Amino acid sequence: MTDSSTSQPPPSGSPAHPDHRRGAATPPVTRQDASHATTVTPLAHTSRRAPLNLLSGEHDSAVSQNKQAARWSPPSQAEQPVLVPRLRSKSLVETTASSLRSHHPLPAAEGGSGGGGTHGSIQSPGPGIRARRSKSITESIITHRRPSAPSDVLAYVYLPAHFTTPTVTEYPSGPFLPEQSGKKALPEDGALIESPASEATADHEPLPVTWEPTLERAIKAIVSIKANCVRSFDTESSGAYTATGFVVDAKRGIILSNRHVVSPAPTVAQAIFSNYEEVPLEPIYRDPVHDFGFFRFDPSKVRFMELDAIPLSPHRAKIGLEIRVVGNDAGEKLSILAGTLARLDRRAPEYGVGNYNDFNTFYLQAASGTSGGSSGSPVLDIQGHAVALNAGGSTRASSSFYLPLDRIVRALNYIQMEQSVPRGTLQAEFEYQSYDELRRLGLDPQIEQSMRQRFPAETGMLVVRSVLPQGPADQKLRPGDIVVAVNDEPLTQFSSLFSIIDDAVGKNISLTICRGPQPYVIDLTIQDLHSVTPNRFVEIGGGVVNEVSYQLARGYGLPVGGVYVATSGHMLGSGSAWRGSVVVALNNIPTPTLDEFIHAVQQLPDGSRVPIRFFPITKFHKEQVSIIHVDRHWHPFKLAVRNDQTGLWDYKEFPPPPPIPANTPFTTTLLQVDPKLTPAHRVWPCFVSIDFYIPYLVDGAQATMHYGPGLIIDRERGLVVCDRDTVPISIGDIYITFGNSLIIPGQLLLLHPVYNFAILCYNPALIGDTPVESARLAPPEVTGKLSPGDPINLVALTTDQEPLVKKTKITNIGPVVTRECTPPRWRSVNVEGIRVDDSVTSQGGVLCDDDGMILGLWSNYTSQNSSGKDFSFMVGLKVDPILKALEHMLRTMDRITQADQIKQDPGLLDSCSATESITSETCLLKTQILRTPVLPSLRTLDVEFSFMTMVSARTLGLSEERVRQLQQASVHDTPTVVYVLNLLSPLSPAADQLRIGDAILEVNGELVLKPYSLAVFYDQELVTLTVLRAGEELTLTIPTIPLPTMETRRIVGWAGALIQTPYHAVHEQVKSIPSDLYISCILYGSPANAYNLRPGVWITEINNEPVHNMDDFLEKLRHFRQFYQEKLAAAQQQAADDGRDGNEETSSPLDLAPSSPAAEPKDRRFGAEDYFIRLTTINRAGISRILSLRVDDHYWPTWDLVQSPHSVSGWACNFDVL
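Residue numbers (the working numbering): 102 to 1319.
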């Protein structure tokens, strides 16, 4: 039951599809997806043909004379509630393709490379043309070509006065120009988009005979993309990845790539050209459904090469076409993969439910074997034209899947004219089924005959696969409905259907379908697809929530809308509302929209506990209710909205939360344990349950949620002891539960650095007259007599908070052995533990005698095995060190109540609001300073000891006199000799005087029999040791060092790296401490993650200037930030001056200055992308490394978290440090 802050797991039950891989990049984005294919035809290329009666199958023979249009004559049938069959009459668009296609062999002398701006080679019809029919995928493709003209297979003929519907082997397309009045036309210097009509002018231009010149030209336009998804959002998870893109408009700086590369989530990306020039990218468009999107860059930033663009030619794709996929395959800078197009009508690949998936389109397929990093690569023909966009591939074969370009061309034209791309939806998914399947669905044979005559090259039709509830097609369309026509236009292709839908946003269309044998005409309103694609999210408590998108809704069959948990974080994770949950209500306030969720959160005071109702999106029919702890102190609460003009997401912070209400004292009852469960009925009133929530993974913490039992050791002062598995670090929210019915906040007083326990406190006034009791701890003279074989009682807490009693016996009292862990974290050293016979599974508890006297704390220890895997085990800890710490604390604590303090010091009330009661949590924490005890002075040698047998000691030179002394002192135990096993800190004085293997004979004149006596020294600054080294006894006086009782007291978050002072567990794994700037955690999607800054290293220099501590580090950051801001302001001023002087052409964001030749590099001005920080780091092995990190203050501002007794959490965070 953990929720890691650095990584969110995908929803359960949503594995990636085993048959497909995603090639967008190296992980975490590991996919290649797709986009649907739609053909948009210029009006000049359309013509009318003779009508067809789909029911009778009659066809007018005078095709070329454009006879009178036919009418629909469906059989009469009773009206239905929604679907009303009716007659429609309209001229039908000529769509027969086979009679308009022909193959034209070229003479050998005319083969070769084609020149000119179109790079085309389209042959005009002539005497040598022979008609051929396009074959379906199941048929063999017969290619007529002459041996002397190997490029003839690329020759097509498009009659200028006719329009042909794409078949399974061809995708004709032309440039799409919106015809709406008042809109700007496409400039002549726009992207290179080839038109079939324009190819007719190049019918005799030679084709290239080799790939070398084509690839040499294309590589200049292909870029490697480094990107960071900075927040988890919708189907995307945060993290860094690499991918590919290519320039499609060199003047405007537009790059085409996949949708899952551009990403619907906030993304920061850079493009690296073939000459290793790097420019920042702005994501300006990502299609809501299909797998393509566009980045924008400033062409003036490319100084040393002439920009080129790859023309988009979707009509060139056909079966048998030899292709090259050029891109960043497997993360390499450049890979060229060969293949041959084998299918043009493949179903869109599926990447698993809950992930991004494309639909409502065909895909192209070839065996090119692409992998991660190749997403967004162009699929090139031998003339250098892009015929498709690489998107995905199979994990079980070398098959790769490509997205057709026709809809991409349409979107690009809108973007070039600075217009939004209209996209419509019915919230329905369609699929292409063959006629044999359609017959099983009830397709009327006469309709089939008519459709086959009208579309002789087609082998099937579109069928409704699914309809989302509450969408435009809900209760109108059903799965299995066969699509016959739209607006009386018969169609069989995705392209034909969605060219109509996309151009009819907000309008009505009529859809003719067959439901079984019965045809219907249905009126539907087209919804804006962008309206069901979220463009904002909320950050709350370290988590991210956004509205349920069309992608997610389609995957799980849900209505679009609702609040989706993209990252649970600290707050939502406290209620187990993990990633993949949909929030239904918060604090009993329904949250159907993101705005309602924001309103509900704004009503909640910081630190309050409220119910949350949600369901896992994988099990939408099973709602859950839990309690969350409201967090407004560890993380900010803000809204982010996507800005397509800048490519950024603009943040808006919400006002502070309402004040914390007074906590009214509450009395509860405790479970009455059956006296037969002796001694549980005596111990149970001392038990409480503890929940601990960690906001940041520091000090080696691996999970954000911990829970376990606690034991009340002082009822009057509200002191509780628990193990360090329940409260492992000093930063977090503590909640203490009494009797499973009353929960109050707690505070950490002592986190023991050696023994496995922590001491907490709570306000006793808040539990009223709850009958809790203080545990009776056994004195040292009792625990010192414990030995193996003694009977003992284990009283523990089960996972369902019930008492567990087991009468057992002690099997062993010996050392607790743990290993060094990765990442470094606290471990038990020089400690003995009590092991019992047949221990049972539990959360933890106590070891006691029959009268309920506590002999030990039954605690959980964690460590790692030799393979680095974590494991845990339960061992009893004697109460001796707990008693020592408690006695020292009680001597320094005032015994008067909080009310008496206020009476004696009226000025204390000045720190509390006049409206707050004495039991108010804020007032309690402000007065807690007077109640905070003086903690014991814990000192140590910082050495790990073990013991050896007398045989080994004799071999090392132990004298017989010493052997005799040790044997006489060890009456009931096997005599052993303690020796130095490990030096835990290179900074301790003991590291300078002791050596590994030294035998410790005496400490302060007393024989050393066990290593446990050397674990802690209370208030002893010097100790005298008698050691055996190389056969000689030496007397050493060694200073001890103080041990921290709270470990970490300050954390700085910078560029996604959590920086802290090196804690004690780190010291034991290094030879020296390079600085006080230790990186304990890196957050996914951050600059630190993108530039490979790893956890477990020290920062020693910034921009070649040494840094030593937190204050020094922050001061250097302020200095460099000011320097960059001044330099950027000067560059912007210079640019403005140049513009006024007429030295530089002014340009709009989408109309940037053209690039210059490589021979004349442009003057490069300083920009925001130049905000780099050079870091020098040293790892635990002492290896130094220098890296450059681009700072991102927009998404990853610097913050400073410091311990403060005046705050609710005990910590105060400054979110605006720089």
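Quick reminder that beta carbons are idealized off the backbone N, C-alpha and C, glycines included. None of these values were measured; they are calculated from a predicted model.
Contact under 7 angstroms by Cβ, residue i with residue j
{"i": "residue 1108", "j": "residue 1070", "result": "yes"}
{"i": "residue 396", "j": "residue 382", "result": "yes"}
{"i": "residue 892", "j": "residue 912", "result": "no"}
{"i": "residue 359", "j": "residue 476", "result": "yes"}
{"i": "residue 628", "j": "residue 694", "result": "no"}
{"i": "residue 621", "j": "residue 647", "result": "no"}
{"i": "residue 583", "j": "residue 564", "result": "yes"}
{"i": "residue 1041", "j": "residue 831", "result": "no"}
{"i": "residue 422", "j": "residue 445", "result": "no"}
{"i": "residue 919", "j": "residue 967", "result": "no"}
Cutoff 6 angstroms; reference residue i; Cβ partners in own chain excluding five residues on either side
{"i": "residue 833", "result": "793, 794 and 795"}
{"i": "residue 609", "result": "624 and 626"}
{"i": "residue 1320", "result": "Residue 1320 is absent from the model: the chain starts at 102 and stops at 1319."}
CA-to-CA distance, residue j to residue i, given in whole angstroms
{"i": "residue 837", "j": "residue 821", "result": "9 angstroms"}
{"i": "residue 862", "j": "residue 674", "result": "25 angstroms"}
{"i": "residue 1293", "j": "residue 1180", "result": "18 angstroms"}
{"i": "residue 474", "j": "residue 825", "result": "44 angstroms"}
{"i": "residue 604", "j": "residue 1285", "result": "59 angstroms"}
{"i": "residue 1159", "j": "residue 1299", "result": "10 angstroms"}
{"i": "residue 78", "j": "residue 1191", "result": "A question about residue 78 goes unanswered here, because the residues of the chain that appear run from 102 up to 1319."}
{"i": "residue 639", "j": "residue 612", "result": "39 angstroms"}
{"i": "residue 850", "j": "residue 990", "result": "10 angstroms"}
{"i": "residue 1135", "j": "residue 867", "result": "57 angstroms"}
{"i": "residue 313", "j": "residue 586", "result": "46 angstroms"}
{"i": "residue 959", "j": "residue 946", "result": "5 angstroms"}
{"i": "residue 1017", "j": "residue 844", "result": "With a pLDDT of 40 at residue 1017, under the threshold of 50, the modelled position of this residue cannot be trusted, and the question is left open."}
{"i": "residue 1332", "j": "residue 1281", "result": "It is not possible to answer for residue 1332, since the shown part of the chain is limited to 102 through 1319."}
{"i": "residue 346", "j": "residue 655", "result": "28 angstroms"}
{"i": "residue 255", "j": "residue 417", "result": "Reliability fails at residue 255, whose pLDDT of 28 lies under 50, so the model's placement of it is uncertain and no value is given."}
{"i": "residue 746", "j": "residue 973", "result": "53 angstroms"}
Per-residue DSSP class, three states only, for residue i
{"i": "residue 432", "result": "helix"}
{"i": "residue 785", "result": "helix"}
{"i": "residue 348", "result": "strand"}
{"i": "residue 736", "result": "coil"}
{"i": "residue 714", "result": "strand"}
{"i": "residue 514", "result": "helix"}
{"i": "residue 443", "result": "strand"}
{"i": "residue 1051", "result": "helix"}
{"i": "residue 858", "result": "coil"}
{"i": "residue 964", "result": "strand"}
{"i": "residue 767", "result": "coil"}
{"i": "residue 1183", "result": "strand"}
{"i": "residue 407", "result": "coil"}
Limits of the unbroken alpha helix (DSSP H) element including residue i
{"i": "residue 728", "result": "Unbroken run through residue 728 is the beta strand (DSSP E), 725-730; no alpha helix (DSSP H)."}
{"i": "residue 536", "result": "536-541"}
{"i": "residue 546", "result": "546-555"}
{"i": "residue 651", "result": "651-657"}
{"i": "residue 674", "result": "670-674"}
Residue interval of the beta strand (DSSP E) (run including residue i)
{"i": "residue 566", "result": "561-568"}
{"i": "residue 904", "result": "904-916"}
{"i": "residue 315", "result": "Taken as a continuous stretch (DSSP letters only), residue 315 belongs to no beta strand (DSSP E), being part of the alpha helix (DSSP H) at 313-320."}
{"i": "residue 892", "result": "892-898"}
{"i": "residue 1289", "result": "1285-1291"}
Cutoff 7 angstroms; reference residue i; Cβ partners in own chain excluding five residues on either side
{"i": "residue 408", "result": "348, 351, 400 and 1256"}
{"i": "residue 321", "result": "375, 406 and 409"}
Beta carbon proximity, residue i to chain D, threshold 7 angstroms
{"i": "residue 1165", "result": "In summary, chain D is missing from the structure at hand, where a single protein chain is found."}
Sequence-distant residues of the same chain with beta carbon closer than 8 angstroms to residue i, five excluded per side
{"i": "residue 812", "result": "787, 788, 789, 821, 822, 823, 876, 947, 955 and 958"}
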